[in-house]
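What the sequence shown shows, in the numbering used here, is residues 5 to 94, in sequence order.
The beta carbon of each residue, even a glycine, is placed where N, CA and C say it ideally should be.
Just so we're clear, the structure is a prediction, and the values are computed from it rather than from any experiment.
Below is one structure, written out as structure tokens, with a few remarks after it.
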Amino acid sequence: MRVELFSHLKRAAGSGTIEVKVEGELSLKDALKLLPEGVRELVIDEYGSIRPGLLILVNGVDARTVHGYRVTVRDEDVISIVPMIHGGVP
Numbered sequence: 005m006r007v008e009l010f011s012h013l014k015r016a017a018g019s020g021t022i023e024v025k026v027e028g029e030l031s032l033k034d035a036l037k038l039l040p041e042g043v044r045e046l047v048i049d050e051y052g053s054i055r056p057g058l059l060i061l062v063n064g065v066d067a068r069t070v071h072g073y074r075v076t077v078r079d080e081d082v083i084s085i086v087p088m089i090h091g092g093v094p
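This is the structure we're talking about:
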């Protein structure tokens, strides 16, 4: 599967796109655990949960709007991981 990374995730990977081999079908959450070390820790926390503040798209669709992070992905899918930056006045 192709994984598109943005912002600090792109810097951590050294590239905006990485390829991750997925055999058969996996849940999105399990597929993200296959990310290379250094990127994986920025996406998945120590409890195995997806970190807050990340917009994760599967083939251009927000994963939360389909089946949440239980959505199934295959090797031909494109995953985009976009950090959501928040700001405001204190």
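Supposed close pair residue i, residue j - CB separation, criterion 8 Å
i, j, result
"Tyr73", "Ile54", "6 Å"
"Val24", "Leu58", "Wrong, their Cβ atoms sit about 16 Å apart, outside the cutoff."
"Ala16", "Leu38", "That belief does not hold up - the Cβ atoms of Ala16 and Leu38 are roughly 15 Å apart, past 8 Å."
Under the three-state DSSP convention, the category residue i falls into
i, result
"Asp79", "coil"
"Val47", "helix"
"Arg15", "helix"
Contacting residues, own chain, Cβ-Cβ under 6 Å from residue i (five flanking each side not counted)
i, result
"Ser84", "Glu8, Leu61"
According to DSSP, residues forming a beta bridge with residue i
i, result
"Leu61", "Asp66, Ser84"
"Ser31", "Thr76"
"Leu9", "Ile85"
"Glu41", "Beta-bridge pairing links Glu41 to no other residue."
Contacts around residue i, its chain only, beta-carbon distance under 8 Å, and the 5 residues preceding and following it disregarded
i, result
"Val77", "Met5, Val26, Glu29, Leu30, Ser31, Leu32, Ala35, Val62, Ile83"
"Asp101", "Because residue 101 is not part of the residues shown, which for the chain are 5 to 94, the question remains open."
"His12", "Leu46, Pro87"
Review point. Taking contact to mean at least 3 C-beta pairs separated by less than 8 Å, is the stretch 9 to 23 in contact with the stretch 61 to 74?
Key: no
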